[in-house]
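Heads up, the thing below is written out as structure tokens.
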Amino acid sequence: MATVRFNALNTLINREAKQVKREANLTSDYYGKLVFNRPKMKKYLSVDAFKAVIDAIDNGVTIDRKIADQVAIGMKAWAMENGVTHYTHWFHPLTDGTAEKHDAFIEHSDNGGVVENFAGSLLAQQEPDASSFPNGGIRDTFEARGYTAWDVSSPAFIVGTTLCIPTIFISYTGEALDYKAPLLKVTNLIDKAAVDVCQYFDKNVSKVTANLGWEQEYFLIDEALYQARPDLSLTGRTLMGHASAKDQQLDDHYFGSIPERVGAFMVDLENEAYKLGIPCKTRHNEVAPNQFELAPIYEEVNLANDHNQLIMDVMKKVARHHGFRVLLHEKPFKGINGSGKHNNWSLSTDTGVVLYKPGKNPKSNLQFLTFVVNTLKAVFDHQDLLRSTIVSASNAHRLGANEAPPAIISVFLGTEVSAMLDHLETAVVDRKMTPDEKTALKFDIGRIPEIILDNTDRNRTSPFAFTGNRFEFRAVGSMANCAAPMIALNTAVANQLIEFKKEVDALIETGIKKDEAIFQILKKLIVECKNIRFDGNGYSEEWVEEALSRGLTNVTNVPDALDAYLSEKSKDLFVRNGIFSERELEGRTEVEHEKFTKKIQIEARVLGDLAINHIVPTAIQYQTTLIENVKGLRDIFSPEEFEEMSAARKDLIKEISCHISSIKLKVKEMVDARKEANKINNEREKATAYDETVRPFLDEIRYHIDKLELVVDNELWPLPKYRELLFAR
Ligand code: ADP
Ligand code: MG
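In case it helps, this note's numbering puts the sequence shown at residues 981 to 1709.
Dropping the structure here:
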């Protein structure tokens, strides 16, 4: 019998939902309890230190050493009152996830004992020996020093007994080795570019913030079953498994009632999230069985991204307390929906206006249209770059699988906004407009209603959709760091806003009135980027053809898609706007190619091991039973009877033999392909070799294993089956 599998099922059957106690009845009573937020800063810092920190957060003013010392003292006092003994610089290297190295607060004291200490210098900067983080050749190991530096704009928080200080991670020579450093640069860039454009409409605007509201999809799998699936625990996805007779055909999981054990997990998770100041708002069942979603209220993009990175970590920890494992992989199961992370993105002003929300008068609506049209143009111009920010070995499964087509980037606007852009295109004439024409156009623009989310968008097939007050980038992978797409999107839009302002100002210089200049340039942009607009079914075959005829790009493999980071257009965009140097871009792209290779390499190794050491022996064992059975039949029946009775069984013995031989052969070929690919030094070429010569074996070998699963005795099958992983709870 398959002991591990059946023991796991037994464990699962006996599990009960855990009783969860919320920290307090009212969320507002404990929200942010573990965060060194403004109220706590006010309480624990001197007036001067508090002012300096707020100035740093709101206006980017740098903090000097003396102030840093004071902040460190206040932070330490607060942390120690909460049982904290250690601190860490918490950062986002270019791996999946975050990094931390804990140091105790202690130092030697004069009398031979120790004393708690935490100097401002330790708060502000550290030099972890971080030579093992991916850097794409930026740091040679003998010059491995990188350092982490305090990000004042994201508040420190406590996890367990550790004070976590959000930091950026840069090389000794100043190159960013993380996701946060460039994201912070981008928030400044878009702020300035958007404020300049807002000035056409409202002189009171002095700051524009980029916002992000992520929707995190995930699977929950029982811990015992997870442990019985080495592929899940080592690669995050099932490398084999025949489809369950029932999975998501009936759509009965989506928004269904939440299973009790899962409900307890969610309450516990939210409890922890609230203490960390993460504003969780929505929870529900997703489309696939055992798939769920969590979404917070949107926040400033850098903070929102820290919160997303943090919550992925918290989810993993909390899940284990409930006998679950969280799967953040984009495609844990073949044939059923994978997980994504919709990035809801908008810009808003310090005057309280969301720039993607239609206003109430012609002026505010013209501002709204200005931002929409410039965003369209940015997405149109940088479609290849945007694609490159969301591709990965794991997201590739989902993106190819009729779920979130990234291969072609298009923008959904909905009928109302589309109609308004079409109207602008015809109403703005090439000659100088008459006062009547202008008045009429302004009147029409003033009538854009509050956008009711267009019904046609309910199919959710657009990778980049306007949803009433924001754009939603839906191709982002569930385990991705949102910073990658957010850096590219905000840079592209900022760059476009800068161009827009230049062009409008140039027209104004020639004596054209401001409004008309804006109309003229908007019309020009609408015409230029018309092809990116598509409200139809993004999953259809026809769209692939139409997109091609429109000149939109369609790149379906990961190594090639990643090259867009290094196109002249992308380099120019990033370098000119001071977000990445060429060296940083090259380093980053190399890291991505390397990650792709390694993920496929690990999957190939795990599959080879499971196939040869788990599946083949099981198949042989069952086949031996069949052979014994056939021999027995021959002993007790006449030759005629035997022939008739054993025919089907003999066929099955042959079938099993064929699958076993194929598996053995393919595994050998896969190992050979890997050996060949490993000889390649260039990371870019190696990624292509892995993509073209190794990756196909994963499907080929799986095919035979899944066929065997259908015929081998259920009692013998060693790995938990899809129906168990997806429905046992
Ligand atoms: P849906 O599933 O319909 O897209 P959800 O409520 O699951 O909606 O998630 C929507 C996300 O979008 C939430 O995180 C929400 O806070 C965020 N959001 C709403 N308005 C904005 C906005 N103006 N800018 C950025 N994010 C927003
Ligand atoms: Mg959404």
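By construction, the Cβ of each residue, glycine as well, lies at the ideal position given by its N, Cα and C atoms. Here the structure is a predicted model, which is why all the values come from computation and not from measurement.
Pair within 7 Å by beta-carbon distance, residue i and residue j
i, j, result
"L1553", "A1173", "no"
"H1594", "P1443", "no"
"A1244", "V1000", "yes"
"A1104", "W1130", "yes"
"R985", "A1208", "yes"
"F1181", "K1343", "yes"
"R1263", "L1256", "no"
"L1483", "I1501", "For clarity, residue 1483 is Glu in the given sequence; the question names Leu instead. Yes."
"R1629", "V1610", "yes"
"A1190", "N1470", "yes"
"S1134", "L1308", "no"
"I1580", "R1675", "yes"
"I1428", "N1345", "yes"
"P1312", "F1453", "no"
"V1041", "D1035", "yes"
"R1703", "A1541", "no"
"A1544", "D1364", "yes"
Residue i: CB within 6 Å of a non-hydrogen atom of the ligand ADP
i, result
"T1262", "yes"
"I1277", "yes"
"R1454", "no"
"V1333", "no"
"S1547", "no"
"G1193", "yes"
"S1026", "no"
"S1326", "yes"
"N1449", "yes"
For residue i, the nearest candidate out of the options (CA to CA)
i, options, result
"M1466", "K1165, A1591, K1022 and S1026", "K1165"
"G1518", "A1129, S1089 and V1391", "V1391"
"R1530", "N987, I1389 and Q1050", "I1389"
"Y1492", "R1440, D1543, P1415 and D1286", "First, the residue type needs correcting, since residue 1492 is Ile and not Tyr in the sequence shown. Checking every option, the nearest Cα to that of I1492 belongs to P1415."
"V1188", "G1332, A1052, T1218 and G1077", "G1332"
"K953", "A1079, Q1196, D1495 and S1008", "Summary: the structure shown does not reach residue 953, with the chain confined to residues 981 through 1709, and so no result is reported for it."
"S1641", "Y1670, L1606, D1679 and A1599", "A1599"
"E1525", "T1369, M1295 and A1387", "A1387"
"A1057", "A1099, H1072 and T1075", "A1099"
"S1224", "R1217, P1276, A1460 and K1314", "K1314"
"D1076", "Y1159, N1354, D1330 and S1326", "Y1159"
"L1705", "A1004, F1304, V1674 and T1153", "F1304"
"L1102", "K1046, S1089 and F1113", "K1046"
"G1126", "V1132, T1167, V1139 and A1156", "A1156"
"G1140", "F1113, D1293, D1044 and A1052", "D1293"
"L1212", "H1088, V1306 and G1394", "V1306"
"A1468", "G1516, P1146 and N1323", "N1323"
Residue i to residue j span [Cα, whole Å]
i, j, result
"A1268", "Q1228", "6 Å"
"L1143", "A1136", "7 Å"
"A1463", "N1288", "10 Å"
"D1424", "K1503", "15 Å"
"L1025", "L1335", "35 Å"
"G1012", "E1203", "30 Å"
"Y1683", "D1231", "26 Å"
"V1281", "K1481", "24 Å"
"N1097", "V1015", "20 Å"
"Q1196", "I1316", "17 Å"
"V1555", "R1585", "39 Å"
"N1251", "E1266", "21 Å"
"R1450", "P1108", "39 Å"
"H1072", "G1457", "17 Å"
"D1671", "A1460", "20 Å"
"L1219", "T1007", "41 Å"
"A1373", "L1327", "31 Å"
"V1175", "N1475", "13 Å"
"N1375", "E1310", "5 Å"
"P1114", "A1399", "47 Å"
"P1210", "V1691", "22 Å"
"S1637", "K1296", "41 Å"
"N1557", "G1339", "30 Å"
Short CB-CB distance (under 7 Å) between residue i and chain E
i, result
"R1556", "Of the protein chains in this structure there is only one, and it is not chain E."
- Can you find at least 3 beta carbon pairs, one from the segment 1659-1673 and one from the segment 1560-1580, that sit closer than 8 Å? Enough Cβ pairs lie closer than 8 Å, so yes.
message = For the pair the segment 1076-1088 and the segment 1532-1549, tell me if three or more CB-CB distances fall below 8 Å.
response = no
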